Amino acid sequence: MNKTVQWIIWVLALVAINIPTISIASFSLFGTAEGTSIFSIDYLIAAGILLLGNIIIIQLFLAIRKGRYQGFIFGLSVAVAQAIALYLIFVLYFTVWLIIMGVCILAAFVLLIKTIK
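Take our numbering: the final residue in the sequence shown is number 1184, and no numbers are missing along the way.
See below:
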């Protein structure tokens, strides 16, 4: 798989993961009063949601830059599972999506550490 295809897949994964992630992060700001400082806990929670959602995107970016095809494929499979779990949040109110998201975030951390080394 050449680099161009990998970058196209990366952009698709970026969009697929960030659409529900931004929705969930903005939902966490609904209770914030007008005029609240940007350094409040509400904004910290929203930033944390965005960061946790994009760990696998960072891993995919580093895998492409370092030319690690196997790391890219592993990261892509985690990104697909994470995107499915994020979209299940809006459909299911069970804990299935929570389990999938927890596994995806742990796998993303492990893959990110392996890619950096």
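Note that the Cβ used here is the ideal one computed from N, Cα and C, for glycine as well. This one's a predicted model, so the numbers in the text were calculated from it and none came from an experiment.
My output table needs one value for residue i: the three-state DSSP class, helix, strand or coil.
i        : result
Met-1168 : helix
Gly-1142 : helix
Phe-1097 : coil
Asn-1069 : coil
Asn-1121 : coil
Could you tell me the alpha carbon to alpha carbon distance between residue i and residue j, rounded to whole angstroms?
i        : j        : result
Ser-1104 : Ile-1084 : 28 Å
Ala-1174 : Ser-1107 : 30 Å
Leu-1165 : Asp-1109 : 21 Å
Val-1147 : Leu-1111 : 26 Å
Val-1158 : Ile-1151 : 11 Å
Ile-1124 : Glu-1101 : 32 Å
Determine the burial state of residue i: buried for a count of at least 16 other Cβ atoms within 10 Å of its Cβ, exposed for fewer.
i        : result
Gln-1137 : exposed
Trp-1077 : buried
Taking contact to mean at least 3 C-beta pairs separated by less than 8 Å, is the stretch 1128–1145 in contact with the stretch 1084–1097?
no
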